[in-house]
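J.:
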Amino acid sequence: MYSDYVNPPLNFSPKKSLGQNFLIDENIARKIVQLLAPQPDDVIVEIGPGFGVLTKYLVPSGCRYLGIEIDERLIPFLQKEYTAFPRAEILHADFRKVNLDELAPGTKLRLVGNIPYHITSSLVFAAFAQNHILRDMMLTVQKEVAARIVADPQTGGKDYGILSVISQTFAQTEILFTMSKHVFRPRPEVDSAVVRWTFQSPPENLLDADFYVRMVKAVFGQRRKTLRRSLAAFLGHEISAAAPVDLQRRPENLSIRELIQLANALILGQD
6 MYSDYVNPPL
16 NFSPKKSLGQ
26 NFLIDENIAR
36 KIVQLLAPQP
46 DDVIVEIGPG
56 FGVLTKYLVP
66 SGCRYLGIEI
76 DERLIPFLQK
86 EYTAFPRAEI
96 LHADFRKVNL
106 DELAPGTKLR
116 LVGNIPYHIT
126 SSLVFAAFAQ
136 NHILRDMMLT
146 VQKEVAARIV
156 ADPQTGGKDY
166 GILSVISQTF
176 AQTEILFTMS
186 KHVFRPRPEV
196 DSAVVRWTFQ
206 SPPENLLDAD
216 FYVRMVKAVF
226 GQRRKTLRRS
236 LAAFLGHEIS
246 AAAPVDLQRR
256 PENLSIRELI
266 QLANALILGQ
276 D
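Residues 6 to 276 in our numbering are what the sequence shown spells out, letter by letter.
1. Would P45 and G67 qualify as a contact pair, given that the criterion is a beta-carbon distance under 8 Å?
2. Quick one: using the 10 Å Cβ neighbour count with 16 as the cut-off for buried, is N119 buried or exposed?
3. What are the boundary residues of the alpha helix (DSSP H) that includes I261?
4. Considering S169, what are the terminal residues of the alpha helix (DSSP H) in which it resides?
5. Kindly list the residues whose CB is nearer than 6 Å to the CB of Q227, restricted to its own chain and excluding five residues on each side of it in sequence; keep chain order.
6. Which residues in the same chain have their Cβ closer than 8 Å to the Cβ of M184, if we skip the five residues on either side of it in sequence?
7. Can you say whether E257 is buried or exposed, counting buried as having 16 or more other CB atoms within 10 angstroms of its CB?
8. Would you call the CB atoms of Y122 and Q159 closer than 8 Å?
9. Quick check on the DSSP output: what are the complete beta strand (DSSP E) runs of length 3 or more inside the stretch 174 to 246, in order along the chain?
10. Rounded C-beta distance between L139 and A132? I'm assuming under 8 Å.
11. Which class does A34 belong to by DSSP, given the choice of helix, strand or coil?
12. Between T125 and Y87, how many whole angstroms is the CB-CB distance? I'm expecting something under 8 Å.
13. Would a check of beta-carbon distances place I124 closer than 8 Å to chain B?
14. Between which two residues does the alpha helix (DSSP H) carrying I80 extend?
15. Taking DSSP as the reference, what is the three-state secondary structure of T50?
16. On the three-pair Cβ rule with 8 Å, is the stretch 207 to 214 touching the stretch 150 to 170?
17. Unbroken beta strand (DSSP E) runs of length 3 or more, entirely within the stretch 85 to 173: which are they?
18. How many Å lie between G57 and A238 at the Cα?
19. How should G53 be labelled, buried or exposed, when 16 other C-beta atoms within 10 angstroms of its C-beta is the threshold for buried?
20. Is L23 helix, strand or coil by DSSP?
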């Protein structure tokens, strides 16, 4: 139970199905918010506020605050603590199913959260599907996943993959700091890292972002196969003409620039 370190005390048991590991270190919570540097004109969306360890520092900044919590058991606690603030709102929802455009039309959102590790990829991809409305995103993720997000084909090795490519195509990425597994309850099996994505416009030479993302997922989903084989499975037919890259290569050896060139060639039928 959480009565020993949650304030106020709550008779609460975390759900494994939700991947709940709650940050309990106030110094780290303050550090995350200091690095985020919320301003009164910001619209900040916190993914999974839990017991409000970040929320208590975000809301007083004067920003417009939207907390999206999937666990209905935590909603009464969060509403009692924070809806007295006129610019704070608590929503019961799965972030991955939320239409961000409806939260603050015409405004760029800033995302922050200590997220369940088992849904990191699906949550990040859900955010990127709506990246046109995002300014930046700061998430606590598994340390090994953080390494994948910032990996490149020259030095990343097996870490360089779908998360790396999609993240770095549409955002600038950086690991801000790492933290021990001991600052969470229940204690996870791995250490963590805080990663920041600063979103940017899609590359001007990228013809179709949706096709590009699907292609990247397809070829890296079969990363040990050559591009010729994985693209044939993706397209449903063999590639007969010349391509802008050697199709005997594997996707883990291609730069983002080369992947964009390949996607464009396939779109134009100049494969």
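Cβ atoms here follow ideal geometry from the backbone N, Cα and C, with glycine treated the same way.
T.: On the basis of the supplied data:
1. Taking the sequence shown and counting its residues from 1, the one referred to as residue 45 is at position 40. Taking the sequence shown and counting its residues from 1, the one referred to as residue 67 is at position 62. In this structure, G67 lies closer than 8 Å to P45 by Cβ.
2. For the purposes of this step, residue 119 is taken as the residue at position 114 of the sequence shown. N119 should be labelled buried.
3. What you label residue 261 is simply residue 256 of the sequence shown in a count that begins at 1. Run containing I261: I261 to L273, per the alpha helix (DSSP H) assignment.
4. By one-based count along the sequence shown, residue 169 stands at place 164. It spans I167 to F175 - the alpha helix (DSSP H) in which S169 sits, taken as one unbroken run.
5. Within the sequence shown, the letter at position 222 stands for residue 227. The beta carbon of Q227 lies closer than 6 Å to those of S235 in the same chain, with the five residues before and after it left out.
6. The residue labelled residue 184 in the question sits at position 179 within the sequence shown. These residues qualify, in order along the chain: D30, I33, T145, D196, S197, A198 and V199.
7. Here residue 257 is taken as the residue at index 252 of the sequence shown, counted from 1. Buried, because 16 or more other Cβ atoms sit within 10 Å of the Cβ of E257.
8. If you number the sequence shown from 1, residue 122 lands on position 117. If you number the sequence shown from 1, residue 159 lands on position 154. No, Cβ-Cβ distance for Y122 and Q159 is not below 8 Å.
9. Runs of the beta strand (DSSP E) inside the stretch 174 to 246: 176 to 184 and 197 to 204.
10. To locate residue 139, count along the sequence shown from 1; it is residue 134. To locate residue 132, count along the sequence shown from 1; it is residue 127. Indeed they touch by this definition, with Cβ atoms about 7 Å apart.
11. Here residue 34 refers to the residue found at position 29 when the sequence shown is read from its first residue. Three-state result, A34: helix.
12. Within the sequence shown, numbered from 1, the residue matching residue 125 stands at position 120. Within the sequence shown, numbered from 1, the residue matching residue 87 stands at position 82. Not quite, the Cβ-Cβ distance comes to about 26 Å (not below 8 Å), so this is no contact.
13. Of the protein chains in the structure, only one exists, and it is not chain B.
14. Sequence index remark: in the sequence shown, residue 80 carries index 75 (1-based). Its alpha helix (DSSP H) spans residues I80 to Y87.
15. Position 45 of the sequence shown holds residue 50. Here residue 50 is Val; the residue named in the question, Thr, does not match the sequence. If DSSP states are grouped into helix, strand and coil, V50 belongs with the strands.
16. Judged by Cβ distances under 8 Å, the stretch 207 to 214 makes no contact with the stretch 150 to 170, as fewer than three pairs qualify.
17. The stretch 85 to 173 contains these whole beta strand (DSSP E) runs: 93 to 97, 114 to 119 and 139 to 147.
18. Within the sequence shown, numbered from 1, the residue matching residue 57 stands at position 52. Within the sequence shown, numbered from 1, the residue matching residue 238 stands at position 233. Each residue's Cα considered, the two are about 46 Å apart.
19. Counted from its first residue, the sequence shown places residue 53 at position 48. Buried: at least 16 other Cβ atoms inside 10 Å.
20. Locating residue 23 in the sequence shown gives position 18, counting from the first residue. Three-state DSSP puts L23 in a helix.
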